[in-house]
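Visitor:
Numbering (the working numbering), first residue to last: 45 to 183.
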């Protein structure tokens, strides 16, 4: 909660970058689930924002790679691999851009995919360790 209406955007950084399947490495909507004891990638997950609310009312999301051009923010969050790149999401409209909020929220839906036996040959238990940092950037 902010003391007054504030423009801000959110970016997700994959703290397990490099643990997605190489075939999905260029697909920035996938986040890694870590590696097994034998250094094999375990799987992937995506994060979909939904039900955005601004100051108690339903809202929509926009996304931008440069924080100046905004388009409709549908689909999965896109990861930042290094904490300096990636796509930002914000409350707003594609026509009007980012809208200020005193209180904003959205729910996340996550889909997890564990790799199959052809990619993941486990001989012991493996800890799933997906880890994402959400950065809030004030605009």
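C-beta atoms are modelled at their ideal positions from N, C-alpha and C, and glycine is treated no differently.
Hey, quick one: how far does the beta strand (DSSP E) through residue 107 stretch, first residue to last?
Guide: It spans 105-108 - the beta strand (DSSP E) in which residue 107 sits, taken as one unbroken run.
Visitor: Going by the CB atoms, is the gap between residue 98 and residue 170 shorter than 7 Å?
Guide: No, the Cβ-Cβ distance between residue 170 and residue 98 is not below 7 Å.
Visitor: Can you tell which of 162, 52, 150 and 140 has its C-alpha closest to the C-alpha of residue 114?
Guide: Ranking 162, 52, 150 and 140 by Cα distance to residue 114 puts 140 first.
Visitor: Using 8 Å as the cut-off, can you tell me whether the stretch 79-92 makes contact with the stretch 167-181, which would need three or more C-beta pairs spanning the two stretches below that distance?
Guide: With the cut-off at 8 Å, the stretch 79-92 and the stretch 167-181 touch.
Visitor: So what does DSSP say about residue 157, is it helix, strand or coil?
Guide: Strand at residue 157.
Visitor: In this structure, how does DSSP classify residue 114 when only helix, strand and coil are distinguished?
Guide: Of the three classes helix, strand and coil, the one that applies to residue 114 here is coil, per DSSP.
Visitor: May I ask you to report which of helix, strand or coil DSSP gives residue 61?
Guide: Reduced to three states, the DSSP call for residue 61 is coil.
Visitor: Cα separation between residue 59 and residue 46?
Guide: Their backbone Cα atoms lie some 27 Å apart in a straight line.
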